[in-house]
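Participant:
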């Protein structure tokens, strides 16, 4: 997905390189599922990721926890950022080599004179859902019924905010017709929804699954599935990916191939992973004290992850159409989409792992 809390704050971190948070990869679990660790031959690679525990970046966690990066000769260090835009800024400033983030960043940055490229896709849908309260909107029939209502989003300008705006615009409702309220905290979002403080919510899992299981939410639009994603965007909308500067990609093809091999290996593992596999591999902190809820949310989002790391043919153009609702359409048309991604590495990985 694109920036979860808005583009504006991405460019406001000019002093980020001083004192970057050093939250590195957790120790890997001792499990028979992990591959043998080989000697690091390619050296250290540092990746930035915003909110690493997010479902959309689960393939990165899997690749790290199962030792797939080490097996490819890489010493990968993951730096986790909690503040909006810091992960992207860390990569742009040169503090990290790559960033795990939304593909749409590559397009937005090219519009602003920065060239970064996606080398492997993690998610083929944003995993964001719009739903209405069965308590305050029991007579809901169509999106126009949200006129004058309050909608919870993760942050103003975030992916969830943009999807809500996109859907309501199509229904003839403008920003002035509803009130958006930001809830960066998942627990606060759930509490606001249950108390009637908001009438609808556009959010990610496991919040949505939690409200669904409690019988409190009616799903209106669901981008956790490829079909629901196409209904919302009119085609495939690529989401989380690993991106690096164009210079890094061109000058370090062996590193990019090794990184992609590890990620496609992880994506293939996710296609058949069961509950017991996840419990064994995923860090306990990701469950937030409720394993059953996490596993239920995983089940709903399973098809969201791409099986082979490839950018879908129509994906970049679908992203441009989406961004045109929020950015300068003429500038978007001048973006060279072929420079925003490459399938070169993923194609080789797909053949190697038969993904």
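Numbering (our numbering), first residue to last: 10 to 364.
Glycine included, every Cβ here is placed at the ideal spot set by N, Cα and C.
Between residue 125 and residue 138, is the Cβ-Cβ spacing less than 9 Å?
Facilitator: Taking 9 Å as the Cβ cut-off, residue 125 and residue 138 do not qualify as a contacting pair.
Participant: Put residue 331 into one of helix, strand or coil per three-state DSSP.
Facilitator: The answer is helix: DSSP assigns residue 331 an H, G or I state.
Participant: I think residue 140 touches residue 227, with their Cβ atoms under 8 Å apart; what is that distance to the nearest whole Å?
Facilitator: Right, their Cβ atoms sit about 6 Å apart.
Participant: Using C-beta distances below 8 Å, list every residue in its chain close to residue 182, excluding the 5 sequence neighbours before and after it, in chain order.
Facilitator: Counting only Cβ-Cβ distances below 8 Å, and skipping sequence neighbours, we find 152, 153, 155 and 156.
Participant: For residue 52, report the span of its beta strand (DSSP E) as first-last.
Facilitator: It spans 52-59 - the beta strand (DSSP E) in which residue 52 sits, taken as one unbroken run.
Participant: So, is residue 246 buried or exposed, given that buried needs 16 or more other C-beta atoms within 10 angstroms?
Facilitator: It counts as buried.
Participant: Which parts of the segment 103-160 are runs of the beta strand (DSSP E), unbroken and 3 residues or longer, counting only runs that do not cross its ends?
Facilitator: Counting whole runs of 3 or more residues, the segment 103-160 contains the beta strand (DSSP E) stretches 107-111, 125-130 and 137-142.
Participant: Quick check: residue 279 and residue 314, are their CB atoms within less than 9 Å of each other?
Facilitator: In this structure, residue 314 lies closer than 9 Å to residue 279 by Cβ.
Participant: With a Cβ-Cβ cutoff of 9 Å, do residue 249 and residue 68 count as a contact?
Facilitator: Contact: yes.
Participant: For residue 172, I'd like the list of residues in its chain whose CB is within less than 8 Å of its CB, leaving aside the five on either flank, ordered along the chain.
Facilitator: So the qualifying residues of the chain are 135, 137, 139, 211, 230, 232 and 241.
Participant: Shortest alpha-carbon distance to residue 345 belongs to which of 115, 335 and 307?
Facilitator: Comparing Cα-Cα distances from residue 345 to each of 115, 335 and 307, the minimum goes to 115.
Participant: Quick check on the burial criterion: 16 or more other C-beta atoms within 10 angstroms. Buried or exposed for residue 263?
Facilitator: Exposed: under 16 other Cβ atoms inside 10 Å.
Participant: Which residue marks the beginning of the beta strand (DSSP E) containing residue 211, and which one marks its end?
Facilitator: Residues 209-213.
Participant: With DSSP collapsed to three states, give me the class of residue 87.
Facilitator: Strand, per DSSP.
Participant: What residues match up with residue 251 in a beta bridge as DSSP calls it?
Facilitator: The partner list for residue 251 (beta bridge, DSSP) reads 109 and 129.
Participant: For a quick check, are the C-beta atoms of residue 266 and residue 127 less than 9 Å apart?
Facilitator: No, the Cβ-Cβ distance between residue 266 and residue 127 is not below 9 Å.
Participant: Going by the CB atoms, is the gap between residue 219 and residue 306 shorter than 9 Å?
Facilitator: Closer than 9 Å, so yes.
Participant: Quick check on DSSP: helix, strand or coil for residue 350?
Facilitator: Reduced to three states, the DSSP call for residue 350 is strand.
Participant: With 16 other CB atoms within 10 Å as the buried threshold, where does residue 297 fall?
Facilitator: Classification of residue 297: exposed, given that the 10 Å Cβ count is below 16.
Participant: Between the C-alpha atoms of residue 275 and residue 54, what's the straight-line distance to the nearest angstrom?
Facilitator: If you take the alpha carbons of residue 275 and residue 54, they lie about 18 Å apart.
Participant: Relative to the alpha-carbon of residue 165, which residue among 71, 143, 335 and 123 has its alpha-carbon at the smallest distance?
Facilitator: Comparing Cα positions, the closest option is 335.
Participant: Whole-angstrom Cβ separation of residue 213 and residue 169, contact assumed at under 8 Å?
Facilitator: The pair is a contact, with the Cβ atoms about 7 Å apart (cut-off 8 Å).
Participant: What residues match up with residue 189 in a beta bridge as DSSP calls it?
Facilitator: Note: residue 189 sits in a beta bridge opposite 160.
Participant: Identify which residue in 294, 82, 215 and 347 has its Cα closest to the Cα of residue 321.
Facilitator: Nearest of 294, 82, 215 and 347 to residue 321, Cα basis: 347.
Participant: Residue 214: beta carbon under 8 Å from a heavy atom of the ligand GTP?
Facilitator: With respect to small molecules bound, the structure shown includes none, and the ligand GTP cannot be examined in it.
Participant: If you draw a straight line from the C-alpha of residue 343 to the C-alpha of residue 96, how long is it?
Facilitator: Using only the alpha carbons, I get a separation of about 26 Å.
Participant: Sorted by chain position, which residues of the same chain lie with C-beta nearer than 7 Å to residue 71's C-beta, five sequence neighbours on each side aside?
Facilitator: Excluding residues within five positions, the ones whose Cβ falls inside 7 Å are 275, 278, 279 and 290.
Participant: Along the chain, where does the beta strand (DSSP E) that runs through residue 229 open and close?
Facilitator: Element bounds for residue 229: 226-231.
Participant: Residue 75: which of 351, 354 and 288 sits nearest, CA to CA?
Facilitator: Answer by Cα proximity: 288.
Participant: Among 294, 300, 195 and 118, whose alpha-carbon lies nearest the alpha-carbon of residue 285?
Facilitator: Residue 285 has its Cα closest to that of 300, out of 294, 300, 195 and 118.
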